[in-house]
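Residue numbers (this note's numbering), protein chains in the order written: chain A, 6 to 396; chain B, 4 to 266.
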């Protein structure tokens with residue numbers, strides 16, 4: 006076993022760390038406070054090939070691997086989660102389905118612009134009645150005169166409503182079975198789910214107002230509605246009826262990115278807590294000298310190292326072409342919980358200053374909670390893990 | 004035109020510097036990075052190339068250091084250098100500024116550059132002098148702390164930061180120029196440049212390849228004799244004067260300063 010990163014991976018870490026510190030950190034507070042999407046940063050990330058890290062150069066990607074991607078996401082989240090989730094959702098969820106399942110023509114049309122960051126990709130899976138039970142999709146697509154006609158609604162969708170949002174990949178039922186109003190779901194023997202590419206600007210496809218969120222304030226999250234939205238027949242992504250398998254695989258990959266966010270957030274919280282503890286004095290000495298504070302820092306640092314190794318293991322398994330479903334779910338579960346705990350302990354170490362927006366740790370605390378919910382709740386990860394154990 | 008850029012691997016700025024108690028020297032075991040000042044020198048070379056006033060055929064990154072210094076070269080080529088030269092030899096270990104400058108000048112002489120660029124200081128040794136030593140060995144003019152540089156014909160027109168204001172100096176090439184960090188804002192390497200860096204040629208040189216005399220390098224060939232290194236003494240706690248009665252406080256402060264003959 007070799008725990009050293011390759012020189013390439015070291016340099017990617019170094020570069021993204023420098024970028025995050027020098028370009029993201031000075032504007033993160035303002036972007037969060039004003040709920041402003043980071044257009045300028047996305048443009049710069051695109052120039053550095055960081056909007057398409059794990060895709061080959063032949064399709065316009067950065068030519069990196071999953072480990073490089075995880076390291077980049079970790080370093081971005083260490084400074085700001087909103088920027089990180091924008092890259093993460095765009096890459097793992099928005100671009101990934103087209104890369105994995107797109108026809109040559111679909112890949113040629115979309116991937117170069119997505120990987121350069123010229124346009125953003127989004128993934129429309131969650132619906133008002135299909136969250137953890139993602140198979141219970143109610144959005145429908147029917148063929149009519151050589152076009153798919155889509156009706157339904159999606160929610161909590163990242164990256165669909167910005168000025169540069171170009172495309173959303175959505176799941177929809179394509180079986181002739183019971184109508185939306187009559188329910189249906191994974192239990193239906195005749196249920197058929199397919200994936201579609203829906204370009205921004207398609208008539209009948211509307212993005213709603215942004216949600217008022219607890220955190221991730223500078224990222225774009227909205228509901229989507231489809232009312233008779235018509236797209237060409239060949240916007241079907243992969244074979245008809247393959248949608249369920251496709252999105253499960255996309256989510257597996259996505260978990261590695263979100264796990265890397267958990268590692269990055271916990272590391273950022275630890276960085277801030279340590280710096281503050283060394284500088285803040287009480288009872289005549291820096292509070293970092295008190296065992297009560299030292300134990301918190303030591304525990305988070307230890308947990309963090311374990312979580313990072315688990316996340317890198319999932320990435321390495323994927324890069325080696327081996328099964329990574331279990332490792333990715335374990336990494337997602339471990340890192341999400343750790344991020345929440347690390348942010349909480351770091352706020353505690355900051356005392357009253359942690360509760361006001363004077364220090365970034367306050368933003369980290371608000372940004373952390375979604376990591377135990379988004380891209381599969383902890384409970385869904387536990388289901389996936391238990392299934393893999395054969396329980 | 005050929006530009007050589009001298010680069011160095013240094014302990015990362017975020018690593019707390021400390022003395023290794025077993026060797027009595029600086030602990031260099033932690034995370035390392037390309038000397039940040041050198042990234043300004045590479046950027047300056049790239050801007051000469053992109054400026055179009057002169058045709059730049061090649062930018063070569065040159066370093067002297069142990070095996071790990073390859074990583075600094077890797078970063079240098081990802082930032083735009085076309086190839087790199089790694090001068091590495093056990094005989095070089097422990098070289099001081101004078102010996103290092105001599106060895107580097109030999110590596111540079113083999114390259115015959117029209118311009119040698121380097122950062123004005125290293126982030127670890129902070130000597131500011133290697134450019135001048137190299138220039139002396141190469142018999143080239145040398146300028147330090149340059150913050151603006153234009154190529155005009157065979158000349159370089161440079162602005163250097165002086166104690167009061169700026170000096171504008173023209174020098175004939177070939178020349179050795181050490182640049183300050185105000186000269187430019189270095190670019191970040193793109194992912195494609197990082198992935199492509201290992202495909203660029205890296206020449207490894209030992210002292211025998213460059214006719215470097217063994218007795219002029221390494222600890223034995225160095226003129227600096229190192230004694231013991233110590234951490235700086237810990238600061239003693241200051242005296243806190245509570246301001247209960249301002250007149251009294253002023254008197255106490257004046258008395259404190261007077262005692263130390265500061266007023």
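Every residue gets a Cβ at the ideal spot worked out from N, C-alpha and C, and that includes glycine.
Contact annotation: the stretch 199-207 of chain B does not touch the stretch 144-161 of chain B, with fewer than three C-beta pairs closer than 8 Å.
If you look at residue 161(B), you'll find it in the beta strand (DSSP E) that goes 158-164. When secondary structure is reduced to three states using DSSP, residue 63(B) falls in the strand class. Annotated three-state conformation of residue 81(B) is helix, per DSSP. Inter-segment contact for the stretch 140-147 of chain A and the stretch 96-115 of chain A is absent: fewer than three beta-carbon pairs are separated by less than 8 Å.
Less than 7 Å divides the Cβ of residue 312(A) from the Cβ of residue 339(A). Burial check for residue 227(A): the Cβ neighbour count within 10 Å reaches 16 or more, so the residue is buried. Residue range 178-182 is occupied by the beta strand (DSSP E) that includes residue 178(B). In the DSSP assignment, the residues bridged to residue 28(B) are 23(B). Along the stretch 18-39 of chain B, the positions whose C-beta sits under 7 Å from a C-beta of chain A are 36, read in chain order. Taking CB atoms only, residue 69(A) has a neighbour in chain B less than 7 Å away. The alpha carbon of residue 141(B) has as its nearest neighbour, out of 17(B), 118(B), 127(B), the alpha carbon of 118(B). Of the residues 15(A), 14(A), 307(A), 236(A), the one whose Cα lies closest to the Cα of residue 150(A) is 236(A).
DSSP links residue 97(B) through a beta bridge to no other residue. Inclusion of residue 223(A) and residue 87(A) in the CB contact set at 7 Å is warranted, their separation being smaller than that value. When only Cα atoms are considered, residue 96(A) and residue 81(A) end up about 14 Å apart.
In this structure, residue 150(B) sits near residue 185(B), with a CB-CB distance shorter than 7 Å. Distance from the Cα of residue 92(B) is smallest, within the candidate group 192(B), 179(B), 107(B), 182(B), for 107(B).
Beyond the five residues adjoining it in sequence on each side, residue 384(A) comes within less than 6 Å, by CB distance, of no other residue in the same chain. Distance from the CA of residue 305(A) to the CA of residue 268(A), rounded to the nearest whole angstrom, comes to 11 Å. Uninterrupted alpha helix (DSSP H) stretches at least 4 residues long and entirely within the stretch 76-120 of chain A occur at 86-93, 101-106, 109-120, given in chain order. Judged by DSSP in its simplified three-state form, residue 301(A) adopts helix. Around residue 74(B), the beta-carbon contacts reaching into chain A at under 7 Å are 12, 15. Listed in chain order, the positions of the stretch 15-35 of chain A with a beta carbon within less than 7 Å of a beta carbon of chain B are 15, 16, 17, 19, 20, 23, 24. Residue 261(A) sits away from residue 94(A), with the two beta carbons spaced by 7 Å or more.
A direct Cα-Cα distance of roughly 7 Å separates residue 362(A) from residue 368(A). Excluding residues up to 5 positions away in sequence, 330, 333 lie with their Cβ nearer than 6 Å to the Cβ of residue 257(A) in the same chain. The Cβ neighbour count for residue 127(A), taken over all protein chains shown within 10 Å, is at least 16; the residue is labelled buried. DSSP places residue 155(A) in the strand class (E or B) of the three-state scheme. As the crow flies, the alpha-carbon of residue 50(A) is around 14 Å from that of residue 42(A). A Cβ of chain B is located within less than 7 Å of the beta carbon of residue 53(A). Burial state of residue 37(A) is buried, judged by a 10 Å Cβ sphere holding 16 or more other Cβ atoms.
Residue environment analysis places residue 272(A) among the buried positions, since at least 16 neighbouring C-beta atoms fall within 10 angstroms of its C-beta.
Non-local beta-carbon contacts of residue 82(B) in its own chain, meaning distances under 6 Å to residues more than five positions away in sequence, involve 45, 192 in chain order. Within the same chain, Cβ atoms closer than 8 Å to the Cβ of residue 131(A) are found at 139, 159, 160, 161, 162, the five residues on either side in sequence being excluded. With a contact defined as Cβ atoms closer than 8 Å, residue 56(B) and residue 172(B) miss out at about 18 Å.
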